[in-house]
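For the protein sequence lines, the chains are E and F, in the order given.
Per my numbering, the first sequence starts with residue 2, numbered consecutively.
Per my numbering, the second sequence starts with residue 684, numbered consecutively.
A virtual CB, placed ideally from N, CA and C, is assigned to each residue, including glycine.
All figures in this text were calculated on a predicted structure; none of them were measured in a lab.
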Amino acid sequence: MRILVIAKQVPDSNAAIKVLPNGSGIDQAGLKLVLDPFDEFGVELAVQLREKRGDVSEIVAMTLGPEKAGEALRVALAMGADAGAHINDPSIAETKDEVFAAYVLSQAVKKDAKGFDLILAGKHNIDLDAGAVGPALAEFLNLPHVGAVQGLDIAADGKTFVARRRIEGAEEVVEGSLPVVLTIEKGLVEARYPSLPNLMKAKKKPVAVFSKSDLEIDGSFESAVEFVNIMEPPPRPTCKFIEGEPPQMAKELVRLLREEAKVI
Amino acid sequence: MTNNILVFIEQRNGKVLPASFQLLYLAGQLAAKTGGQAQACVVGHNVGGLTATIASYGAKAVYVVDGADFALYRASAYAAALCAAIDKADPKAVLVPTSFMGRDLAARVAARKRAGLAVDCTDLTLQGADLIATKPMYAAKFSARFKLRGDRFQVATVRSNAYSAAAPQAGATAEVISVPMTLNDADKRLTVKDVAGTTSGVKDVTEADIVVSGGRSMKSADNFKIIYDLAKVLDGAVGASRAACDAGYQPHSRQVGLTGKVVTPKLYIACGIDGAIQHLAGMRGSKVIVAINTKKEAPIYKVATYGCVADLFTLVPLLTEEFKKALAH
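The structure is reproduced here in structure tokens:
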């Protein structure tokens, strides 16, 4: 079984992110970048599958991003991936169009002669808050996909799977055959920390680099989405404090919710 | 390409996700600017009975893809069905509710149609033929605007309660167009074996219009009873902060926040929650926020619509009684 994991580099959600005054983007100075935590679940799942099963022959981590995105690949390699694939081309590396990104990734996947049985990506990435990469990649590769997977059993023969997928207030149990694309929800696995020795060893693992011209990108498929600007989230109205003793407060709040806010 | 805007009506077991009706209102507003109309697409099994309701919320035409293959949601099958409706209706754009189904489906449809896609929009406006989408970015810390080019097909998922539905017009009619559909084998590759409820009778925070949440100040799992009592009166769901879940007062399935669930209900009542950044990111999109916290300087009040600086153990039971009285009338 060969497994592909998508490994995008994104700003660390725990670090302070500053928007440039003109709204053209975020301040890159001193910005801490990490392997996307949801993609990291995919890497972890792949490594755990290899540890538990005898039939995982290779784990490849793929990223679309600028030169420094190679650091995210290195984390994936240190966690246990065997090889990396880096689509590094200034004209496409920082696209904010996930459908286009998925198309580019699919072109790189098609370059792989041996083919993948399982493709894993995060449920969404924490930079674009969208989650289209996995499903769109499946579409471009003409594969089925299951999104937001929080439980997974792959049959011993490696041919079929049962995935549990989160939906509102319930869980769908989905069956199918490999190959398949899965996007991983929080809770399925806990990502390991790559050790320092493994980070050093990861430097020696092979990383194939692709440019746009290597991938035969269809020129008519130029990005249909353009980034306009980024800003602070829309302000909330100022809080109206309700005065009085608790019994009056309760009465007044219920009245406001019914008559002013009209939500009850 | 017409100037019509098609809304995907999300339904499970014949029950329509209310956000679908909110999108019919939005589609009507957007389409009216260019002389188009709001249209709907519903996919399922034996869903023909829903068309009158869909029409009452403003759809001028309803494309129906009906068949046993569509009884349960499957991404590829539903994508094929929605694409068939798109081919027949030739709309300018399709709007889809932001939900587990909608996010999943919209991405596949956008890829299949090589369309521009914006996910989880809080605002959509037209600028000429271009669609300007406002959506969260960087784990909801910021809002960003994207332009979906007007010369390409456009797909957008829109957040629940970002728009209000119009009042339903009884007797409104729509042209009903049945879209015949035979799935190819590739779109039938997965089977949904089961849909199992995970919340044992209590609504999940992502499906309720009203969410009542408790924080670390609840002090124990037992004390959450007053939160459940209030949620029950309001037919709402119970949520909790990460601190409350980490302390074991509530299961992590009820956690609201960046690392839990992101919710945008009509009404969010935060009880004894100070408002850590990661919690605020998970609920600041709610339409109306009520905060109950003894500390007036608590960050939760920065996002609250109404604030009650009071002890939650006193106020919450009083509120439950007041709501009971108010809702009895």
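Residue interval of the beta strand (DSSP E) (run including residue i)
i         : result
E/Gly123  : Leu119 to Gly123
F/Ala776  : Ala776 to Pro780
F/His962  : It is not in any beta strand (DSSP E) - F/His962 instead sits in the alpha helix (DSSP H) that spans Ile960 to Met966.
E/Gln228  : According to the sequence shown, residue 228 of chain E is Phe rather than Gln. It spans Val226 to Met232 - the beta strand (DSSP E) in which E/Phe228 sits, taken as one unbroken run.
F/Asp749  : Ala744 to Asp749
E/Arg167  : Thr161 to Ile168
F/Pro1000 : No beta strand (DSSP E) holds F/Pro1000; the alpha helix (DSSP H) holding it covers Leu995 to Ala1011.
F/Tyr984  : Premise fails: F/Tyr984 lies in the alpha helix (DSSP H), Ile983 to Val986, not in any beta strand (DSSP E).
E/Val3    : The sequence as given places Arg at residue 3 of chain E; Val does not occur at that position. Element bounds for E/Arg3: Arg3 to Ile7.
F/Cys804  : Gly799 to Cys804
E/Gln151  : His146 to Ile155
F/Ala702  : F/Ala702 -> not in any beta strand (DSSP E); alpha helix (DSSP H) instead, spanning Ala702 to Ala715.
E/Phe211  : Val208 to Phe211
F/Phe691  : Ile688 to Ile692
F/Ser900  : Where F/Ser900 is concerned, there is no enclosing beta strand (DSSP E), given that its DSSP letter is neither H nor E.
F/Asp877  : Thr874 to Gly880
F/Gln722  : Ala721 to Gly727
Element boundaries [alpha helix (DSSP H), containing residue i]
i        : result
E/Pro248 : Pro247 to Arg256
E/Asn266 : The shown model of chain E, from 2 to 265, leaves out residue 266 of chain E, and the question about it has no answer.
F/Ala758 : Ala758 to Ala772
F/Phe783 : Phe783 to Lys796
F/Thr736 : Thr734 to Ser739
F/Ser896 : Per DSSP, F/Ser896 belongs to no alpha helix (DSSP H); it is in the beta strand (DSSP E), Ile893 to Gly897.
E/Gly177 : Segment Ala171 to Ser178 is the beta strand (DSSP E) holding E/Gly177; no alpha helix (DSSP H) there.
F/Asp912 : Lys908 to Val916
F/Asp929 : Arg925 to Asp929
E/Pro1   : No answer is possible for residue 1 of chain E: it lies beyond the span of chain E, which begins at 2 and ends at 265.
Chain-ordered neighbours of residue i on chain F, where CB pairs are closer than 9 Å
i        : result
E/Lys33  : The premise fails here: E/Lys33 is roughly 12 Å from chain F at the closest Cβ pair, so nothing lies under 9 Å.
E/Glu172 : Asp877, Val878, Ala879, Gly880 and Thr881
E/Ala103 : Ala790 and Ala794
Where residue i falls, given that 16 or more other Cβ within 10 Å makes a residue buried
i         : result
F/His1012 : exposed
F/Asp752  : buried
E/Leu298  : The question about residue 298 of chain E has no answer here: the residues shown for chain E are numbered 2 through 265.
F/Asp887  : buried
E/Ala156  : exposed
E/Arg204  : Checking the sequence, you will find Lys at residue 204 of chain E rather than Arg. Flag for E/Lys204 reads exposed.
E/Tyr194  : exposed
E/Ser25   : exposed
F/Lys824  : buried
F/Asn976  : buried
E/Phe222  : exposed
E/Ala251  : buried
E/Arg54   : exposed
E/Pro236  : exposed
F/Gln852  : exposed
E/Gln249  : exposed
Cross-chain neighbours of residue i in chain F, by beta carbon under 7 Å
i        : result
E/His1   : Limits of chain E in this structure are 2 at one end and 265 at the other, which puts residue 1 of chain E out of reach.
E/Glu169 : Ser782, Phe783, Asp887, Thr889 and Glu890
E/Ala149 : Phe783
E/Lys250 : According to the sequence displayed, residue 250 of chain E carries Met and not Lys. Under the 7 Å cutoff, chain F gives Cys991, Ala993 and Leu998.
E/Val20  : Phe825
E/Pro247 : Ala993, Thr997, Leu998 and Leu1001
Cross-chain neighbours of residue i in chain E, by beta carbon under 8 Å
i        : result
F/Thr874 : Val175, Glu176 and Gly177
F/Pro819 : Asp130 and Pro234
F/Ile815 : Val229
F/Val973 : Leu254 and Leu258
F/Ala768 : Those within 8 Å of F/Ala768 in chain E number zero; the least Cβ separation is about 17 Å.
Partner residues on chain E for residue i, Cβ-Cβ distance less than 9 Å
i        : result
F/Arg828 : Gly24, Phe228, Val229, Asn230, Ile231 and Met232
F/Arg967 : Pro234 and Arg237
Proximal chain F residues relative to residue i, where beta-carbon distance stays under 8 Å
i        : result
E/Arg259 : Ala1009
The ligand ATP heavy atom lying under 7 Å from the CB of residue i
i        : result
E/Arg193 : Within the structure as shown, the ligand ATP is missing, as the structure has no ligands at all.
Amino acids of chain E, ordered along the chain, whose beta-carbon sits closer than 7 Å to that of residue i
i         : result
F/Lys970  : Val264
F/Ala1073 : In the structure displayed, chain F extends from 684 to 1012; residue 1073 of chain F sits before or after that span and is not available.
F/Ala869  : Asn143
Test: residue i CB closer than 8 Å to a CB of chain B
i       : result
E/Ala62 : Among the protein chains in the structure shown, which are E and F, there is no chain B.
Checklist entry - Which ranges would you report for the beta strand (DSSP E) in the region 814-847 of chain F if only whole runs of at least 3 residues count? => result Whole beta strand (DSSP E) segments, 3+ residues: 825-831 and 837-841.
Checklist entry - Which residues, in chain order, does the region 220-242 of chain E contribute to contact with chain F at a C-beta distance below 7 Å? => result Cβ contacts with chain F come from Phe222, Ala225, Val226, Glu227, Phe228, Val229, Asn230, Ile231, Met232, Glu233, Pro234, Pro235, Arg237, Pro238, Cys240, Lys241 and Phe242.
Item to check | Contacting positions in the region 130-143 of chain E - beta carbon closer than 9 Å to chain F | outcome: Identification of residues in the region 130-143 of chain E having a C-beta nearer than 9 Å to some C-beta of chain F yields Asp130, Ala131, Gly132, Ala133, Val134, Gly135, Pro136, Ala137, Leu138, Ala139, Glu140, Phe141 and Asn143, given in sequence order.
Next on the checklist: Can you pull out the residues from the region 784-806 of chain F whose beta carbon lies closer than 9 Å to at least one beta carbon of chain E?
Outcome noted: Cβ contacts with chain E come from Met784, Arg786, Asp787, Leu788, Ala789, Ala790, Arg791, Val792, Ala793, Ala794, Arg795, Arg797, Ala798, Gly799, Leu800, Ala801, Val802, Asp803, Thr805 and Asp806.
Item to check | Short-range partners of chain E found in the region 979-1006 of chain F, where Cβ spacing is below 8 Å | outcome: Listed in sequence order: Lys979, Tyr984, Lys985, Val986, Ala987, Thr988, Tyr989, Gly990, Cys991, Val992, Ala993, Asp994, Thr997, Leu998, Leu1001, Leu1002, Glu1004, Glu1005 and Phe1006.
Checklist entry - In chain order, which alpha helix (DSSP H) runs of at least 4 residues are fully inside the region 40-112 of chain E? => result Qualifying alpha helix (DSSP H) stretches, in chain order: 71-80 and 99-111.
Next on the checklist: Closer than 8 Å between beta carbons: that is the criterion. Which residues of the region 942-959 of chain F meet it against chain E?
Outcome noted: Along the region 942-959 of chain F, the positions whose C-beta sits under 8 Å from a C-beta of chain E are Thr942, Lys949 and Leu950, read in chain order.
Checklist entry - Which residues, in order along the region 689-719 of chain F, keep a beta-carbon less than 8 Å from a beta-carbon of chain E? => result Cβ contacts with chain E come from no residue of the region 689-719 of chain F.
Checklist entry - Which residues, taken in chain order from the region 79-99 of chain E, show a beta carbon closer than 9 Å to some beta carbon of chain F? => result Residues of the region 79-99 of chain E with a C-beta atom less than 9 Å from some C-beta of chain F are Lys97, Asp98 and Glu99, listed in chain order.
Checklist entry - When Cβ atoms are compared, which residues of the region 176-197 of chain E fall closer than 9 Å to chain F? => result The region 176-197 of chain E vs chain F, Cβ under 9 Å: Glu176, Gly177, Ser178, Val181, Thr184, Lys187 and Gly188.
Next on the checklist: If the cut-off is 7 Å on Cβ atoms, which residues from the region 824-856 of chain F count as contacting chain E, listed in chain order?
Outcome noted: Per Cβ criterion, the list reads Lys824, Phe825, Ser826, Ala827, Arg828, Phe829, Lys830, Leu831, Arg832 and Arg835.
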